Amino acid sequence: MTEEKKDGGLIMSTFTVTTEPGTSSDVWVLVCPEVGAVSQVENLDDAADEMREAIAYLAGIKEDDVDIEVETIKQAS
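Numbering (full-length UniProt numbering), first residue to last: 1 to 77.
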């Protein structure tokens, strides 16, 4: 997790979410090891939104203060 100031001087916390194909061909597994959050999505475009609430809850911060960087470990075959 990194922290940086955003507009208005508020602190924005950036978390890294890694993605990799699940065992079934239609899901992606999402992991944020910094807070222990795990989830899955069918579309990678939904990864950040899917993880935001869980990360905020586990980190004890507001959802609006969570920025997410999504990194794909390997592409689906």
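Quick reminder that beta carbons are idealized off the backbone N, C-alpha and C, glycines included. If you're wondering where the values come from, they're calculated on a predicted model, not measured in any experiment.
If you look at Glu-53, you'll find it in the alpha helix (DSSP H) that goes 47 to 59. In terms of Cα proximity to Ser-24, the closest of Val-41, Asp-65, Met-12 and Val-35 is Val-41.
Bridge partners of Ile-68 according to DSSP: Phe-15. Out of Asp-67, Ala-59 and Ala-48, the CA that lies nearest to the CA of Val-29 is found in Ala-48.
The closest CA to that of Ile-11, considering only Lys-74, Thr-72 and Asp-67, is found on Asp-67. Between the C-alpha atoms of Glu-71 and Pro-33 there is a straight-line separation of about 12 Å.
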